[in-house]
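Asks: Following our numbering, the numbering of the sequence shown begins with 33 at its first residue and continues without gaps. Where a beta carbon is used, it is the ideal one built from N, C-alpha and C, also for glycine. What you are looking at is a predicted structure, and each value in this text was computed from that prediction instead of being measured. Just dropping this structure here.
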Amino acid sequence: LQKLGFVNCALQRARPSFCNSDRRRMASGGSPQSLHTLLNQTNTSIALVGASENTSKFGSIIFRDLKRKGFIVYPVNPGRETVHGEAAFSSLANIPTPPTLVNIVVPPDATLDVLKQCSELGLKNVWIQ
33 LQKLGFVNCA LQRARPSFCN SDRRRMASGG SPQSLHTLLN QTNTSIALVG ASENTSKFGS
93 IIFRDLKRKG FIVYPVNPGR ETVHGEAAFS SLANIPTPPT LVNIVVPPDA TLDVLKQCSE
153 LGLKNVWIQ
């Protein structure tokens with residue numbers, strides 16, 4: 033991931049309360065402190081790729097958790113017009129303002145395509161769940 037130019041990259045198994053720092057598993061190229069710093073900034077915006085309306089899926093659980101914690105969240109899902117009442121974006125390129133962090137909760141076979149989009153758009157902070 034560093035070869036693709038990502039500054040902060042975290043890999044973890046998805047959990048409903050994923051913002052707990054003790055549950056993070058970091059990949060080389062980032063550190064718990066750098067991701068922790070991003071998550072503690074008041075203006076942090078997060079693109080959630082794989083946001084879902086289905087409350088049993090991680091894309092829904094994480095979306096609701098991020099919103100409850102006060103983050104600006106851009107739900108990204110090409111198959112949805114809205115996610116929990118908020119406008120959804122069909123791709124990262126359609127988000128009007130570049131997000132601070134891209135949180136990826138899609139299946140592994142789609143993750144590489146999302147990472148390529150991030151690289152093309154200059155989005156260097158990613159969290160793969």
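Whose CA, out of Leu67, Asn109, Asp141, Gln161, lies closest to the CA of Asn86?
Replies: Asn86 has its Cα closest to that of Asn109, out of Leu67, Asn109, Asp141, Gln161.
Asks: Which two residues bound the contiguous alpha helix (DSSP H) that contains Ser77?
Replies: Here Ser77 belongs to no alpha helix (DSSP H); instead the beta strand (DSSP E) covers 77 to 81.
Asks: By the three-class DSSP mapping on this structure, what secondary structure does Phe121 have?
Replies: In the three-state scheme derived from DSSP, where H, G and I count as helix and E and B as strand, Phe121 is classed as strand.
Asks: To which residues of the same chain is Val105 closer than 7 Å at the C-beta, ignoring the five residues directly before and after it?
Replies: Here the set comprises Ile78, Leu80, Phe95, Leu98, Lys99.
Asks: Quick check for students: name the residue ranges of the beta strand (DSSP E) that lie wholly in the segment 114 to 160, counting only runs of 3 or more.
Replies: 133 to 136, 157 to 160
Asks: Expressed to the nearest angstrom, what Euclidean distance is found between the alpha-carbon atoms of Gln161 and Gly91?
Replies: 10 Å
Asks: For Val134, collect the residues of the same chain with a Cβ closer than 6 Å to its Cβ; drop the 5 residues on either side in sequence, then sort them by chain order.
Replies: Within its own chain, the residues whose Cβ lies closer than 6 Å to the Cβ of Val134, once the five positions on either side in sequence are excluded, are Ala79, Cys150, Leu155, Val158, listed in chain order.
Asks: Which residue's Cα is closest to the Cα of Val117: Ser84, Thr69, Leu153, Asn72?
Replies: The amino acid occupying residue 117 in the given sequence is Gly; Val does not appear at that position. Measuring from the Cα of Gly117, the nearest candidate turns out to be Ser84.
Asks: Return the CA-CA distance between Ala119 and Lys89, expressed in angstroms with no decimal places.
Replies: Near 18 Å, if we compare the C-alpha coordinates of Lys89 and Ala119.
Asks: Whole angstroms are fine: how far does the CA of Lys101 sit from the CA of Leu124?
Replies: 22 Å
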